[in-house]
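These notes are about the structure you will find just below.
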Amino acid sequence: MTRRLDPFYPVVDSAAWVRRMTNAGAKLVQLRVKDKPESILRAEISDALATCSAVGADLVVNDYWEIAIDLGASFLHLGQEDLDDADLTAIRAAGIRLGVSTHTPEELDRALSVDPHHIALGPIWPTILKKMPFAPQGLERIGEWKRAVGERPLVAIGGLTPDRAAQCLAAGADVVAVVNDVVGAADPEARAREWIELTRAAA
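Residues 1 to 203 (the UniProt record's numbering) are what the sequence shown spells out, left to right.
Spelled out as structure tokens, the structure:
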């Protein structure tokens, strides 16, 4: 079942950051932790789930589908490579809502074939977060993707600022994901509140 998602979607790398974002008012946060021992991953995800549960926010676990199932997560995000190894039957059986990253029409077709809850498209603008083999998608592609995904929430990500986020929402995105513009800000909580005010007014 498709569930409406909050339009402001910060992506952070620790449970401490999840807490900071929810304290600022975020209702949808992705926890993306890389290259840590499983014991630390479990502790971070468990802590973040508890934080979100306490304030009525949704936590999206990036990548670690087995831990997400074990800990009772409601949302999971997988990249295209992650789909190769994930047990989609087990994920569905656990009732987890799945989001999938896409960058090309072929990846969109593949993502839709697994009947995800939501689809992410990026990078909309150049991003410094990681080296991307894909050119910036631009705003026009948001409209193309939205027509293809229908009622599923469409997440725009990559190089976003509040002004660019507003353009993405106007172009058809339902949710705008952000990393550096918030966590790299001088006052991340204040910046998050700016995003929240803008995106909820525009969505």
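For every residue, glycine included, the Cβ atom is placed at its ideal position computed from N, Cα and C.
{"Item": "Exposure label - residue 22; buried when at least 16 CB within 10 Å", "Value": "buried"}
{"Item": "Other residues of its chain near residue 62: CB distance less than 6 Å, five sequence neighbours each side excluded", "Value": "30, 32 and 77"}
{"Item": "Cβ of residue 114 within 8 Å of any chain C Cβ", "Value": "Of the protein chains in this structure there is only one, and it is not chain C."}
{"Item": "Whole-angstrom distance between residue 162 and residue 139, CA atom to CA atom", "Value": "15 Å"}
{"Item": "Residue 101 burial status per 10 Å Cβ neighbour count (16 or more: buried)", "Value": "buried"}
{"Item": "Three-way DSSP call (helix, strand, coil) for residue 7 in this model", "Value": "coil"}
{"Item": "Limits of the unbroken alpha helix (DSSP H) element including residue 169", "Value": "162-171"}
{"Item": "Inter-residue spacing [alpha-carbon to alpha-carbon] between residue 41 and residue 82", "Value": "17 Å"}
{"Item": "Whole-angstrom C-beta distance between residue 123 and residue 157, which should lie under 8 Å", "Value": "7 Å"}
{"Item": "Beta-carbon proximity check, residue 121 vs residue 141, cutoff 8 Å", "Value": "yes"}
{"Item": "Extent of the continuous beta strand (DSSP E) run through residue 102", "Value": "97-102"}
{"Item": "Spatial neighbours of residue 149 in its chain, beta-carbon cut-off 6 Å, leaving aside the 5 residues before and after", "Value": "119"}
{"Item": "Neighbour-count burial assignment, residue 55, 16 or more Cβ in a 10 Å radius", "Value": "exposed"}
{"Item": "From 177, 108, 144 and 187, residue whose alpha carbon lies closest to that of residue 127", "Value": "177"}
{"Item": "Closest Cα partner of residue 165 within the set 145, 196 and 188", "Value": "196"}
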